[in-house]
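The next block holds one structure in the form of structure tokens; read it before the comments.
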Amino acid sequence: MIGQPPDILCIGSVLWDIIGRSPTAMRLGSDVPGRITRLPGGVAMNIAMTLRRFGLAPGLLTTIGRDPEGDELVAACARMGMVTDHIYRSEDLPTDRYMAVEGANGLIAAIADAHSLEASGDKILRPLADGRLGSAAAPWSGPIALDGNLTEALLADIAGSALFARADLRVAPASPGKAERLLPLLAHPRATLYVNLEEAGLLCAAEFSSAPEAAEGLLARGAHRVLVTHGGKPCADGLHGAGVISDSPLPVLVTRITGAGDTFMAAHLVAERRGEDRAQALASALRAAAIYVSGEIGS
Numbered sequence: 001m002i003g004q005p006p007d008i009l010c011i012g013s014v015l016w017d018i019i020g021r022s023p024t025a026m027r028l029g030s031d032v033p034g035r036i037t038r039l040p041g042g043v044a045m046n047i048a049m050t051l052r053r054f055g056l057a058p059g060l061l062t063t064i065g066r067d068p069e070g071d072e073l074v075a076a077c078a079r080m081g082m083v084t085d086h087i088y089r090s091e092d093l094p095t096d097r098y099m100a101v102e103g104a105n106g107l108i109a110a111i112a113d114a115h116s117l118e119a120s121g122d123k124i125l126r127p128l129a130d131g132r133l134g135s136a137a138a139p140w141s142g143p144i145a146l147d148g149n150l151t152e153a154l155l156a157d158i159a160g161s162a163l164f165a166r167a168d169l170r171v172a173p174a175s176p177g178k179a180e181r182l183l184p185l186l187a188h189p190r191a192t193l194y195v196n197l198e199e200a201g202l203l204c205a206a207e208f209s210s211a212p213e214a215a216e217g218l219l220a221r222g223a224h225r226v227l228v229t230h231g232g233k234p235c236a237d238g239l240h241g242a243g244v245i246s247d248s249p250l251p252v253l254v255t256r257i258t259g260a261g262d263t264f265m266a267a268h269l270v271a272e273r274r275g276e277d278r279a280q281a282l283a284s285a286l287r288a289a290a291i292y293v294s295g296e297i298g299s
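Taking full-length UniProt numbering, the leading residue of the sequence shown gets 1, the next gets one more, and so forth.
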């Protein structure tokens, strides 16, 4: 979309997802038939796509190259209804890509080539400072979905920036390997962190056996609010001063994994936006994630 004001900002990775899926179980060295797809992806993009399905107009703050792949990606985002006006288009950096292989037994391996986003640094945040979306004197006051593909230094700057002082920050790590980048945002008074059990353990430098236990641990570390998932097992919502609640996902046949956590986060944000309480919003997010992994809705 061109010219439309966004309902929510999605800051982080927007790239091409190249996913190979096979209906058979795989191991190291497996060579099996399957399907290979190329779709717009990245944490910020996956969240934005779910927000579009719920009728919101997400604005993308990211970097995309001025190469043919980048032109194609921006056009695809616009066709999906994303607000693309504020994307930083780099002249000298290529469009990022993510490649994954999934089997019947889950994610086998993945490689994220997101170096251009990291190299762009705070250039992607310029619209929040120059008056297009806000400024230090009048910062953006709506929701922001922030992904952990940004550098640790930039995430630390965001944690203390006046540009984010009024935002409803919803934060997701890009992967367990990048979870510790979120430490500067852990105690941010307006941040909600969405992590899985492994990522919660990394943030707390501890091992947890369940999502409720992990949520308690994160609150003890100073978190304002956290949502912890644990695959098909119970997940938890922990809020400072209000304790931890838990719910279990619906049992479904899993046909895809990549993007499930991002779908959960977006659905939860939308549920709260329409006025659902903590328990209702958690149930809604779990239902949306279950539908996604079952393959009942399109990517």
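Think of the CB as a built atom: it goes at the ideal place given N, C-alpha and C, for glycine as much as any other residue.
CA-CA distance, Pro-33 and Gly-241?
Locating residue 33 in the sequence shown gives position 33, counting from the first residue. Locating residue 241 in the sequence shown gives position 241, counting from the first residue. Straight-line Cα distance between these residues: approximately 51 Å.
Distance, Cα to Cα, Arg-21 vs Pro-139?
Looking up residue 21 in the sequence shown gives position 21. Looking up residue 139 in the sequence shown gives position 139. Distance between the alpha carbons of Arg-21 and Pro-139 is about 42 Å.
Count the other C-beta atoms from every protein chain shown that fall within 10 angstroms of the C-beta of Arg-225, then say buried if there are 16 or more, exposed otherwise.
As a position in the sequence shown, residue 225 is number 225, starting the count at 1. Classification for Arg-225: buried.
Does DSSP classify Arg-52 as helix, strand or coil?
Position 52 of the sequence shown holds residue 52. Of the three classes helix, strand and coil, the one that applies to Arg-52 here is helix, per DSSP.
Look at the alpha carbon of Gly-70 and the alpha carbon of Ile-64, and state the distance between them as a whole number of angstroms.
Position 70 of the sequence shown, counted from the first residue, corresponds to residue 70. Position 64 of the sequence shown, counted from the first residue, corresponds to residue 64. If I take the Cα positions, the gap works out to 6 Å.
Which complete alpha helix (DSSP H) runs does the region 195-245 hold, if anything under 4 residues is left out?
197-204 and 211-220
How many angstroms separate the CA atom of Ala-283 from the CA atom of Ser-209?
Looking up residue 283 in the sequence shown gives position 283. Looking up residue 209 in the sequence shown gives position 209. Cα-Cα distance, rounded: 21 Å.
May I ask you to verify whether the region 9-27 touches the region 179-197, counting CB pairs closer than 8 Å and requiring at least 3?
no
Proximity of Leu-73 and Thr-95 at Cβ, strictly below 8 Å
Stepping through the sequence shown from its first residue, residue 73 is reached at position 73. Stepping through the sequence shown from its first residue, residue 95 is reached at position 95. Yes, they are a contact pair.
Please name the residue or residues paired with Cys-10 in a DSSP beta bridge.
Here residue 10 corresponds to residue number 10 of the sequence shown, with the count starting at 1. Answer is Leu-60 and Ala-145, bridged to Cys-10.
Counting only the same chain and skipping the five closest in sequence on each side, list residues whose C-beta sits under 6 Å from that of Ala-223.
Residue 223 sits at position 223 when you count from the first residue of the sequence shown. So the list reads Leu-186, once near-sequence residues are dropped.
Secondary structure at Asp-17, three-state DSSP: helix, strand or coil?
Position 17 of the sequence shown, counting from 1, holds the residue named residue 17. Asp-17 falls in the strand class under three-state DSSP.
Rounded to whole angstroms, how far is the Cβ of Pro-234 from the Cβ of Pro-212, which I believe are closer than 8 Å?
Locating residue 234 in the sequence shown gives position 234, counting from the first residue. Locating residue 212 in the sequence shown gives position 212, counting from the first residue. Between Pro-212 and Pro-234 the Cβ distance is about 7 Å, and since that is below 8 Å, they are a contact.
Residues of its chain near Leu-202, where Cβ-Cβ distance is below 7 Å and the 5 sequence neighbours each way are ignored:
As a first step, residue 202 must be located in the sequence shown, where it is residue number 202. Cβ within range, chain order: Pro-176, Ala-179 and Glu-180.
Among Gly-131, Gly-259 and Tyr-292, which residue has its Cα nearest to the Cα of Ile-18?
Numbered from its first residue, the sequence shown carries residue 18 at position 18. Here the closest residue by C-alpha is Gly-259.
Identify the continuous alpha helix (DSSP H) that holds Leu-155 and give its terminal residues.
On the sequence shown, position 155 is the one that residue 155 refers to. Element bounds for Leu-155: 152-160.
Give me the residue from Gly-148, Glu-198 and Leu-133 with the minimum Cα distance to Arg-166.
If you number the sequence shown from 1, residue 166 lands on position 166. Ranking the options by Cα distance to Arg-166, first place goes to Leu-133.
Does the beta-carbon of Pro-5 have 16 or more other beta-carbons within 10 angstroms, so that it is buried, or is it exposed?
Position 5 of the sequence shown, counted from the start, is the residue given in the question as residue 5. Pro-5 comes out exposed.
Contained beta strand (DSSP E) runs [length at least 3] in the region 104-149, N- to C-terminal order:
106-113 and 143-147
Between Ile-291 and Ala-145, is the Cβ-Cβ spacing less than 8 Å?
For the purposes of this step, residue 291 is taken as residue 291 along the sequence shown, with counting starting at 1. For the purposes of this step, residue 145 is taken as residue 145 along the sequence shown, with counting starting at 1. Against a cut-off of 8 Å, the Cβ pair of Ala-145 and Ile-291 comes out as no contact.
For Asp-67, the first and last residue of its enclosing alpha helix (DSSP H)
One-based indexing of the sequence shown puts residue 67 at position 67. Asp-67 -> no alpha helix (DSSP H), and no H or E assigned at all.
Using the three-state DSSP reduction, which class does Arg-273 fall into: helix, strand or coil?
Reading the sequence shown from its first residue, position 273 is the one you call residue 273. Correct three-state label for Arg-273: helix.
Contact defined as beta carbons within less than 8 Å: I believe Ser-13 pairs with Asn-149. What is the distance between those atoms, to the nearest angstrom?
Within the sequence shown, numbered from 1, the residue matching residue 13 stands at position 13. Within the sequence shown, numbered from 1, the residue matching residue 149 stands at position 149. Rounded, the Cβ-Cβ distance is 4 Å, consistent with contact.
If you drop the 5 nearest sequence neighbours on each side, which residues of the same chain put their C-beta closer than 6 Å to that of Leu-193?
Looking up residue 193 in the sequence shown gives position 193. Cβ neighbours of Leu-193 beyond the five flanking positions: Val-171 and Val-226.
How many whole angstroms separate the CB atoms of Leu-163 and Gly-121, which I take to be in contact at a CB cut-off of 8 Å?
Locating residue 163 in the sequence shown gives position 163, where the first residue counts as 1. Locating residue 121 in the sequence shown gives position 121, where the first residue counts as 1. 14 Å between Cβ atoms; not a contact.
Quick check on DSSP: helix, strand or coil for Ala-279?
By one-based count along the sequence shown, residue 279 stands at place 279. If DSSP states are grouped into helix, strand and coil, Ala-279 belongs with the helices.
What residue does the beta strand (DSSP E) around Pro-40 start on, and which one ends it?
Translated into the one-based positions of the sequence shown, residue 40 becomes position 40. Note, Pro-40: beta strand (DSSP E), 35-41.
Whole angstroms are fine: how far does the CA of Asp-113 sit from the CA of Leu-15?
Counting from one through the sequence shown, the residue named residue 15 turns up at place 15. Counting from one through the sequence shown, the residue named residue 113 turns up at place 113. Going by the C-alpha atoms only, they are around 9 Å apart.
Look at the Cβ atom of Ile-111, then the Cβ atom of Glu-102, and state whether they are nearer than 8 Å.
Position 111 of the sequence shown, counted from the first residue, corresponds to residue 111. Position 102 of the sequence shown, counted from the first residue, corresponds to residue 102. No. Outside cutoff.
Cα-Cα separation between Arg-52 and Leu-28, rounded to whole angstroms:
Against the sequence shown, residue 52 aligns to sequence position 52. Against the sequence shown, residue 28 aligns to sequence position 28. Going by the C-alpha atoms only, they are around 37 Å apart.
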